[in-house]
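Asker:
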Amino acid sequence: MIKKTNMRYRTDFLSTDGRLAPQPFRPLRSRWTAIAAGFALVTAFATAHAVQAATLTTSEVRAIAKEATIYGFPLVDNYRVQYTYFVDKGNPEYRSTWNTLNASAQVMTPADKTVQTPNSDTPYAVLGADLRAEPLVLTVPEMDNGRYYSIQFVDMYTFNFAYVGSRATGNEAGRFLLAGPDWKGTPPKGIKSVIRAETNYAFALYRTQLRGPNDIDNVKRIQSEYRVEPLSQYLGKAAPPSLPVDFMKPLTVAEERTSIRFFDVLNFVLQFCPTAPSETALRARLAQIGIGAGKSFDTNTLAPDMKKALADGFADGWAAFNQYKTSMIDTGKAQASGDFGTRAYLKNDYMARMAGAVMGIYGNSKEEAMYPLYLTDGAGTHLNGSNRYVLHFAPGQLPPVHSFWSLTMYALPSSLLYANSLNRYLINSPMLPTLKRDADGGLTLYVQHESPGPKHESNWLPAPAGPFFIAMRLYWPKQAAIDGEWKAPPMQVAQ
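Here the sequence shown is numbered in our numbering, starting from 8 and rising by one per residue.
Spelled out as structure tokens, the structure:
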């Protein structure tokens with residue numbers, strides 16, 4: 008467990024053995040002076056080693072702030088979730104201390120409000136991994152009867168940097184070593200592979216297939232056999248010294264979209280994110296307006312012109328996202344599954360990464376799962392419960408998967424599950440035996456606010472009275488889905 012202290016953690020101090028050592032946080036003071044008729048600004052940042060100065064116009068500051076918003080939102084929102092799960096013990100969504108697996112043998116419901124677009128067809132277990140002092144050893148049991156499971160590893164940037172599970176490593180038992188960027192040791196015997204994170208903290212999201220209500224005890228048994236141990240404990244050795252952190256309180260979901268304190272939280276998070284070689288130039292640009300690992304960013308001390316430039320750039324970042332969503336996501340030109348993956352896969356496409364975090368943080372990489380989204384009907388009009396819809400799968404055209412698929416309803420603007428009289432938040436392939444088929448063997452689903460009547464209620468996915476969207480999930484999709492040979496059918500307004 009990491010105890011709160013009066014120190015923040017700085018990544019530019021190392022102990023003699025190469026591990027990061029706690030040092031008192033030295034706040035960096037910043038002041039902004041208007042020059043050249045108020046259009047140029049001189050920025051001075053005091054560090055422990057030197058004073059750096061940069062002369063920027065307000066338009067340049069605004070442009071960099073926009074870039075920082077797009078780049079930084081996934082990190083800031085990820086930190087909000089991690090703080091909720093692993094730091095804030097007074098929060099009803101708190102799960103466990105760092106490096107302790109927390110399993111929940113139940114599906115998500117509308118009462119779960121921390122993560123947008125929650126998956127309600129595989130019970131979760133979550134692990135907040137603090138990898139600064141030493142690696143963790145993760146043990147998984149053998150899975151029964153081809154049951155699907157996966158462990159998704161997400162770094163602080165929200166890149167999916169590795170997987171363990173049915174698709175990636177098989178269903179046999181095994182041990183895996185999860186290590187941070189500074190570990191230089193040798194893995195012990197019995198380790199199947201080393202999983203390396205590029206950030207000091209990581210998030211592991213376990214998904215275990217639930218085949219139906221009568222299967223819940225099997226899921227509980229499997230979850231009880233997942234194990235997480237610090238490497239020192241696994242080897243029977245003394246643990247290394249703890250590394251305290253004074254965690255900053257995160258922004259709320261609303262504040263992440265409205266408050267320029269966003270940049271202060273971003274600076275806090277960046278101290279745990281060593282600069283990737285591909286981001287050296289980007290980090291240098293951000294540093295020109297005071298954004299960098301462990302820097303202080305007190306918005307209350309900024310001159311009015313500077314504060315406005317930052318606020319305008321922050322708003323520009325969100326305007327750019329809204330334009331991307333309208334032109335790319337809503338039209339289907341960009342698939343939601345394309346917004347998640349490794350750094351190499353995303354190629355530092357920060358807008359795609361931001362879209363993934365906004366629309367549904369912690370989405371799987373497309374090889375693991377695909378997410379065709381229903382945001383509009385076949386005519387391009389946004390979905391709304393004031394209309395009635397049908398979704399028709401022709402014979403032989405159900406989603407092609409090695410494992411299973413689901414369709415989950417989300418109310419807008421919350422992107423959370425919709426509470427309804429049936430307590431039905433999704434329709435998935437394990438439910439196929441209970442669904443009524445068309446005369447030709449196809450499948451028609453009814454998506455609407457009111458019941459379609461007893462004849463069709465088995466195939467009804469309840470919708471809220473107002474705006475909503477539906478996420479289709481294909482777990483371990485077949486190549487026809489990945490290559491685009493198979494396409495999800497359109498949502499049509501009922502005649």
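Cβ coordinates follow ideal geometry from the N, Cα and C atoms, glycine included.
Please name the residue in 200, 447, 63 whose C-alpha comes closest to that of residue 403.
Answerer: Residue 447 is the option with its Cα nearest to residue 403.
Asker: Please state whether DSSP places residue 273 in a helix, a strand or coil.
Answerer: Residue 273 falls in the helix class under three-state DSSP.
Asker: Can you give me the C-alpha to C-alpha distance between residue 247 and residue 184, rounded to a whole angstrom?
Answerer: When rounded, the distance between both Cα atoms is 17 Å.
Asker: Label residue 414 either buried or exposed according to how many other C-beta atoms from any shown protein chain fall within 10 Å of its C-beta, with 16 as the threshold for buried.
Answerer: It counts as buried.
Asker: How long is the line joining the alpha carbons of residue 475 and residue 491, rounded to whole angstroms?
Answerer: Rounded to whole angstroms, residue 475 to residue 491 spans 25 Å at the Cα level.
Asker: What's the gap between the Cα of residue 74 and the Cα of residue 324?
Answerer: Their backbone Cα atoms lie some 7 Å apart in a straight line.
Asker: Pick out whichever of 418, 312, 459, 355 has its Cα sitting closest to the Cα of residue 77.
Answerer: Looking at the Cα atoms, 355 is the closest of the given residues.
Asker: Considering only residues of the same chain and omitting the five flanking positions on each side of residue 213, which have a CB-CB separation below 6 Å?
Answerer: Counting only Cβ-Cβ distances below 6 Å, and skipping sequence neighbours, we find 132, 158.
Asker: Which runs of the beta strand (DSSP E) spanning at least 3 residues fall entirely within the region 377–461, listed in chain order?
Answerer: Within the region 377–461, the complete beta strand (DSSP E) runs of at least 3 residues are 396–400, 412–418, 433–435, 450–455.
Asker: Need the endpoints of the beta strand (DSSP E) that residue 235 sits in, please.
Answerer: Counting along the chain, the beta strand (DSSP E) containing residue 235 begins and ends at 234–237.
Asker: In its own chain, which residues sit with a C-beta less than 6 Å from the C-beta of residue 410, not counting the 5 before and 5 after it?
Answerer: Counting only Cβ-Cβ distances below 6 Å, and skipping sequence neighbours, we find 155, 482, 483.
Asker: Should residue 467 be flagged as near chain B, meaning a C-beta pair shorter than 7 Å?
Answerer: Of the protein chains in this structure there is only one, and it is not chain B.
Asker: Is the beta carbon of residue 201 sitting closer than 7 Å to the one on residue 194?
Answerer: Their beta carbons are under 7 Å apart, which means residue 201 touches residue 194 by this criterion.
Asker: For residue 167, name the three-state secondary structure that DSSP assigns.
Answerer: It is a strand residue.
Asker: Using only the alpha-carbon positions, how far apart do residue 359 and residue 258 sit?
Answerer: Distance between the alpha carbons of residue 359 and residue 258 is about 22 Å.
Asker: Short check: CB of residue 121 to CB of residue 91, under 7 Å?
Answerer: For residue 121 and residue 91, yes; Cβs fall inside 7 Å.
Asker: Just confirm the distance between the C-beta atoms of residue 126 and residue 480, as a whole number of angstroms; I'd bet it's less than 8 Å.
Answerer: Between residue 480 and residue 126 the Cβ distance is about 7 Å, and since that is below 8 Å, they are a contact.
Asker: Restricting to runs no shorter than 3 residues, where is the beta strand (DSSP E) found entirely within the region 194–230?
Answerer: Within the region 194–230, the complete beta strand (DSSP E) runs of at least 3 residues are 200–203, 208–215.
Asker: Using the three-state DSSP reduction, which class does residue 483 fall into: helix, strand or coil?
Answerer: In the structure shown, residue 483 sits in coil (DSSP, three-state: anything other than H, G, I, E or B).
Asker: Decide if residue 472 is buried, meaning its Cβ has at least 16 other Cβ atoms within 10 Å, or exposed.
Answerer: Classification of residue 472: exposed, given that the 10 Å Cβ count is below 16.
Asker: What's the C-alpha gap between residue 251 and residue 422?
Answerer: Computed Cα separation, rounded: 35 Å.
Asker: Give me the Cβ distance between residue 477 and residue 373, rounded to the nearest whole Å; I'm assuming they're in contact under 8 Å.
Answerer: Not confirmed; about 18 Å, so no contact.
Asker: Could you give the DSSP three-state label for residue 477: helix, strand or coil?
Answerer: The answer is strand: DSSP assigns residue 477 an E or B state.
Asker: Between the C-alpha atoms of residue 249 and residue 96, what's the straight-line distance to the nearest angstrom?
Answerer: Cα-Cα distance, rounded: 19 Å.
Asker: Just the Cα atoms here: how many angstroms apart are residue 143 and residue 329?
Answerer: Cα to Cα, the separation comes out at about 39 Å.
Asker: Looking only at DSSP bridge pairs, what is residue 469 linked to?
Answerer: Beta-bridge pairing links residue 469 to 455.
Asker: Hey, how far is the Cα of residue 408 from the Cα of residue 468?
Answerer: Going from the Cα of residue 408 to the Cα of residue 468 covers about 21 Å.
Asker: Output the boundary residues of the alpha helix (DSSP H) element that contains residue 66.
Answerer: Element bounds for residue 66: 65–93.
Asker: Between the Cα of residue 189 and those of 319, 203, 450, spot the shortest distance and give me the residue it belongs to.
Answerer: It is 203 whose Cα lies nearest to the Cα of residue 189.
Asker: Quick check on DSSP: helix, strand or coil for residue 146?
Answerer: Residue state, collapsed to three classes: strand.
Asker: Pick helix, strand or coil for residue 184, following the three-state DSSP scheme.
Answerer: Reduced to three states, the DSSP call for residue 184 is strand.
Asker: Could you tell me whether the region 169–186 touches the region 218–230, where touching means 3 or more Cβ pairs closer than 8 Å?
Answerer: These segments do not touch.
Asker: If you run the structure through DSSP and keep just helix, strand and coil, what is residue 157?
Answerer: Of the three classes helix, strand and coil, the one that applies to residue 157 here is strand, per DSSP.
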